[in-house]
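As structure tokens, the structure follows; a few thoughts come after it.
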Amino acid sequence: MLKDATLAYKAEALELQKQLRHIQSQFDMHTGQASSLIQGRWARIAATSIVNGHLTDLDDNLSVRNLEVSAFWRCMNTAEAEDDTDDPGAFVAVGCLRAIGTILKSASRLPQLFVQVEPTLVPKMRRMLTSDGQGPCVCFRRQLGFMCTIVV
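Under our numbering, read the sequence shown as residues 648 to 799, first letter to last.
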């Protein structure tokens, strides 16, 4: 009877060892999965942080562009209300040219929009870049640099 009990004990011990090995392999597998999930979570957090940073930069950039476009329309309304008379108009023209340059830069990435905007904006830029229609105005060329090479 002692022999039977010993055999039963050994059989049960073998079965428990098999179960333990199986549980150990499942534990190792789940540990690997948990590690991957944790790394994925950290990667997601890092990616979210990066995207939020880019969105903040984009928001700031769009705010600046919005102010420039608002200034452009104010300048255009002022230019239509007043005739080109004296020096203060030159400063207004520089502000308008910068705003127009911003619009053209943005629209250059969208050819279908650029084609619609160009016929309106380019003649206004040329008018602002000339002094009484007598040729390029040097002060604007110095202040605006790249825009003069695009338009003139």
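No residue lacks a Cβ here, since even glycine has one placed at the ideal position from N, Cα and C.
Residue i - DSSP class collapsed to helix/strand/coil
i: methionine 772; result: helix
i: methionine 648; result: coil
i: leucine 709; result: helix
i: arginine 756; result: coil
Beta-carbon contacts of residue i that lie in its chain and below 7 Å, excluding the five residues immediately before and after
i: threonine 767; result: none
i: leucine 705; result: none
i: isoleucine 697; result: none
Supposed close pair residue i, residue j - CB separation, criterion 8 Å
i: valine 800; j: alanine 746; result: The question about residue 800 has no answer here: the residues shown for the chain are numbered 648 through 799.
i: alanine 718; j: glycine 679; result: Actually they are not in contact, since the Cβ atoms of alanine 718 and glycine 679 sit about 58 Å apart, beyond 8 Å.
Chain-order list of residues whose beta-carbon lies under 8 Å from that of residue i (same chain, five-residue window excluded)
i: valine 764; result: Ile750, Leu751, Ala754
i: glycine 687; result: none
i: leucine 661; result: none
i: alanine 681; result: none
i: alanine 655; result: none
Sequence-distant residues of the same chain with beta carbon closer than 6 Å to residue i, five excluded per side
i: leucine 760; result: Ala754
i: aspartate 731; result: Residue confidence for aspartate 731 is low, a pLDDT of 49 falling below 50, so the modelled location carries little weight and cannot support an answer.
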